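Let me begin by presenting the structure, written as structure tokens, before commenting on it.
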Amino acid sequence: MPSFPQNPLRALLAVVLAGATLLPPPLAAQLQLPTLGDGASITTSDERRMGDRIIRSLFRDPDYLEDAPLQEYVEGIWKPLLAAARARGELSPELDERFAWQILLGRDRSVNAFALPGGYFGVHLGLIGVVGTRDELASVLAHELSHVSQRHIARMISQQSRHTPLVIGSMILGALAAAKSPDAAQALMIGGQAAMVQNQLNFSRDMEREADRMGYSLLAPAGFSPQGVVGMFDRLQQANRLNDNGSWPYLRSHPLTSERIADMQSRLPAGQSLAQPAPSLEHGMMAARARVLSRPGVDVLRQWARLPESSGFAAQPQAQRVAALYAAVLAHIQLQDYGPARAGLPALTQALAGDAQGLRQAGLLAAELELAAGQPQAALQALAPVIEADDTADKPSRPVLLLRTQILLRLGQAQSMASPLQTWVTLYPRDAAAWQALAQVWQAQNQPLRALRAEGEAQAAHYDYAAAVDRFRAGQELARRGGTQNDHFEASIIDTRLRATQELLREQTAER
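Counted from 1, the sequence shown has number 404 at position 404 by the working numbering; the numbering is strictly sequential.
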């Protein structure tokens with residue numbers, strides 16, 4: 001299974017020079033791409049279909065992570081950037097409508113983020129865990145957004161129009177293959193055609209500068225400090241000086257130059273300080289969550305779990321203490337040491353000192369702990385203040401929705417979650433996790449037909465149309481057997497969704 005690509009733009013160049021025959025056959029069999037037409041420019045529809053095929057493979061990758069708190073935090077940064085790009089006219093109506101604008105999280109501990117065709121983006125937990133502020137993370141996301149809004153990938157592929165569609169498709173496949181062996185992609189570039197390689201690299205550097213400028217222009221309108229990009233460049237530059245040991249692939253796909261750094265520094269308003277904004281307590285907690293969930297190993301988890309017991313811990317700055325306490329509790333949960341995890345929660349709450357966003361994350365963590373420990377009633381009690389805060393804000397919260405559903409399922413009281421989940425999937429029909437939670441709720445209420453439909457929608461949301469058709473057919477068969485409690489309306493929906501998904505499956509198969 002292909003992993004989240006570490007250096008997609010460079011891999012595109014490497015594979016197009018090598019040709020399609022050098023791709024590993026198993027990978028090519030796993031991920032086929034649409035035919036684009038010899039020498040034709042890539043349309044937005046073509047690019048979206050490419051992205052759909054690639055992202056379907058990433059959804060099935062073991063590195064793919066569905067974590068509601070982290071997803072909500074990253075999207076809380078991402079959505080204002082996207083809104084700013086719309087407001088500034090950087091997204092044409094066609095691009096805005098056709099592209100997915102979706103972020104996937106990967107467990108990979110390497111420091112990386114990447115853009116894919118069709119408006120898909122990947123963020124490694126290693127990146128979230130290392131950035132110092134939400135502004136620094138925003139600068140990376142803004143840069144990647146600009147790669148897509150300026151259609152850099154499509155422009156690169158269009159330059160290779162003399163190649164056949166198979167080779168064009170191989171460029172994208174190579175980006176995934178290179179993740180398993182980054183050195184292999186670099187090795188493919190050795191040999192002849194050196195001038196061609198240099199021209200392509202120069203073009204890529206132009207793209208990087210363009211993405212820098214466009215991304216920078218989004219930060220302030222989206223509510224982020226422009227110093228974030230300077231801070232991120234400083235962080236990357238320091239890592240580059242120390243050692244690029246493979247844990248910083250962002251440095252390979254986005255090589256730093258003194259010109260790029262100077263350009264960003266010169267864009268700060270005259271007299272404005274280069275000092276970075278102080279990290280929020282919530283950011284420290286989410287960075288800690290990313291580090292723990294990246295599977296660093298049992299020994300590392302134990303070290304983090306013991307960190308609050310170290311000498312001098314109390315004298316550390318508040319942000320560091322909060323992050324360490326959060327990491328310790330979550331590490332104990334991962335180690336299934338529920339007693340020490342509970343013991344660490346009061347210190348975390350006290351260290352937050354009334355910080356509303358931080359206390360919300362602590363409440364979610366406490367509920368997560370009790371659910372993992374098999375205490376759903378205690379989990380519901382821990383979640384109650386977060387539910388109340390969300391109700392007061394009149395703002396739907398995905399982490400609360402999903403966590404509350406799992407708690408009530410354990411208590412046998414999940415019937416009240418059917419309506420909120422249905423409302424949510426109506427607003428966000430591609431939320432596979434919400435569809436799956438709704439399927440569990442319907443199953444618990446002895447509504448198998450509705451459960452099968454929700455399972456099919458969950459598979460369709462991840463572009464696994466074959467699995468979706470299987471679920472819809474099972475629902476259709478159940479309706480024919482009369483085991484649906486005369487739910488003719490739901491049976492009619494399943495018939496309609498089956499026909500639509502079968503058509504999507506035919507299109508998907510024809511593109512291979």
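Heads up, the beta-carbon is just placed ideally off N, CA and C, and yes, glycines get one too.
Since we're looking at a predicted model, the values are computed, not measured.
- If the five residues before and after V148 are omitted, its C-beta is found closer than 6 Å to the C-beta atoms of A115, G119, all from its own chain and listed in chain order.
- With respect to the C-alpha of L281, the residue from Y250, V230, Q350 having the closest C-alpha is Q350.
- Linking L365 to L127 through their CA atoms gives a straight-line distance of about 21 Å.
- For the pair P279 and G132, the CB atoms are nearer than the 7 Å cut-off.
- Taking C-beta atoms as the reference points, V229 and M264 count as a pair closer than 7 Å.
- Within the DSSP secondary-structure output, Y250 pairs in no beta bridge.
- Counting along the chain, G106 sits inside the beta strand (DSSP E) bounded by residues 102 to 106.
- Here E208 is buried. Its C-beta has 16 or more other C-beta atoms within 10 Å.
- A direct Cα-Cα distance of roughly 27 Å separates R291 from S146.
- Scanning its chain for C-beta atoms nearer than 6 Å, with the 5 sequence neighbours on each side dropped, one finds around Q508 the residues Y465, in chain order.
- Here DSSP, grouped into helix, strand and coil, assigns V123 to strand.
- Annotation: G358 to A461 spans about 31 Å, alpha carbon to alpha carbon.
- In the three-state scheme derived from DSSP, where H, G and I count as helix and E and B as strand, F489 is classed as helix.
- If the five residues before and after L301 are omitted, its C-beta is found closer than 6 Å to the C-beta atoms of A331, Q334, L335, all from its own chain and listed in chain order.
- In this structure L452 touches G475 by the C-beta definition: roughly 4 Å separates them, less than 8 Å.
- Taking a 10 Å sphere around the C-beta of Y428, we find fewer than 16 other C-beta atoms and assign the residue as exposed.
- The alpha carbon of R235 has as its nearest neighbour, out of S225, W248, F224, the alpha carbon of W248.
- Each residue's CA atom was taken as its position, placing I55 and G312 some 46 Å apart.
- The criterion of a C-beta distance shorter than 7 Å is not satisfied by L383 and A341.
- The continuous alpha helix (DSSP H) containing F59 extends over residues 44 to 59.
- Out of A100, L95, A343, the CA that lies nearest to the CA of R151 is found in L95.
- For L116, there is no enclosing alpha helix (DSSP H); the residue is found in the beta strand (DSSP E) stretching over 113 to 116.
- Your pair M285 and A323 checks out as a contact, with CB atoms roughly 6 Å apart and the cut at 8 Å.
- The continuous alpha helix (DSSP H) containing K79 extends over residues 68 to 87.
- Apart from sequence neighbours up to five positions away, the residues of its chain that approach E490 with a beta-carbon distance below 6 Å are L449, R450, ordered along the chain.
- Assigned with DSSP and collapsed to three states, Y428 falls in coil, not helix or strand.
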